[in-house]
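Single-structure report; data block below.
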């Protein structure tokens, strides 16, 4: 059999959606992490949209590979697409009636209410910043990270986000701990592009 031939293409537009209202809960509203049944993240995003619920489904770049035969020859087509950043998770601003609507959908398994709303909103701002950065560069997820100087970035897309800065092989890695998945998320940044303030631990 002949070796497959490769081609690739980029998606048009980013496909990224983020509603700033998510970060401003009012009255009895709270912002939660929603765990869906497998492969239902996009379905639940549409459910939220149809029911007027402010939600957020972070995305990351992946390569989708398709194969087909033409004139007896195997071709492989590689296309960059967006997929959910966190398997089976999306986020939403909910009141008590909206929580009941989500449970009634029978498409979720858990509604996680954060112990600290301020911390959780900071994490969501960080996730969105990583989402945008991930359109241009790779993201990493790590369960452990050696202790490094802790900073808050006070400018740009990372404004208000607290994380750790690590220099490795001439590059600076910016890492933020996400409580809801018990992992660090990392990407490469140039500290000279931002205003950073070191935090005392």
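In this note's numbering, the protein residues as written are 90 to 290. Ideal placement from N, C-alpha and C gives every residue a C-beta, glycine not left out.
Here residue 122 is near residue 180, since their CB atoms are less than 8 angstroms apart.
Here residue 227 is exposed. Its C-beta has fewer than 16 other C-beta atoms within 10 Å. By the CB criterion at 8 angstroms, residue 240 and residue 288 fall inside the cutoff. Under the DSSP definition of a beta bridge, residue 263 partners with 254, 276.
By the criterion of a C-beta distance shorter than 7 angstroms, residue 177 is surrounded in its chain by 124, 125, 127, 130, once the five residues flanking it on both sides are discounted. DSSP, read as helix, strand or coil, puts residue 200 in strand. The straight-line gap separating the alpha-carbon atoms of residue 155 and residue 213 is approximately 33 angstroms. Of all C-beta pairs linking the segment 134-144 to the segment 181-190, three or more are shorter than 8 angstroms, placing the two stretches in contact.
Under the three-state reduction of DSSP output, residue 143 falls in the coil class, being neither helix nor strand.
Rounded to whole angstroms, the separation of the alpha carbons of residue 196 and residue 132 is 8 angstroms. Cβ-Cβ distances below 7 angstroms link residue 286 to 240, 241, 243 in the same chain, with the five nearest sequence neighbours on each side left out; the list follows chain order. Residue 160 sits in coil when the DSSP states are folded into three classes, being neither helix nor strand. Residues 144, 146, 179 of the same chain have their beta carbon placed closer than 7 angstroms to that of residue 134, with the five preceding and five following residues left out of the count.
Taking 8 angstroms as the cut-off, the beta carbon of residue 218 is found closer than this to the beta carbon of residue 246. Only exposed fits residue 204, as fewer than 16 other CB atoms lie within 10 angstroms of its CB. Between residue 138 and residue 171, the gap from beta carbon to beta carbon reaches 8 angstroms or more. In terms of Cα proximity to residue 284, the closest of 249, 152, 166, 168 is 249. One thing to note: residue 105 has its Cβ no nearer than 8 angstroms to the Cβ of residue 225. Beta bridge pairing from DSSP links residue 148 with 173. With respect to the 8 angstroms criterion, residue 266 and residue 276 are not classified as neighbours on the basis of their beta carbons. Distance from residue 173 to residue 190 at the Cβ level is roughly 21 angstroms; contact not present, criterion being Cβ atoms closer than 8 angstroms.
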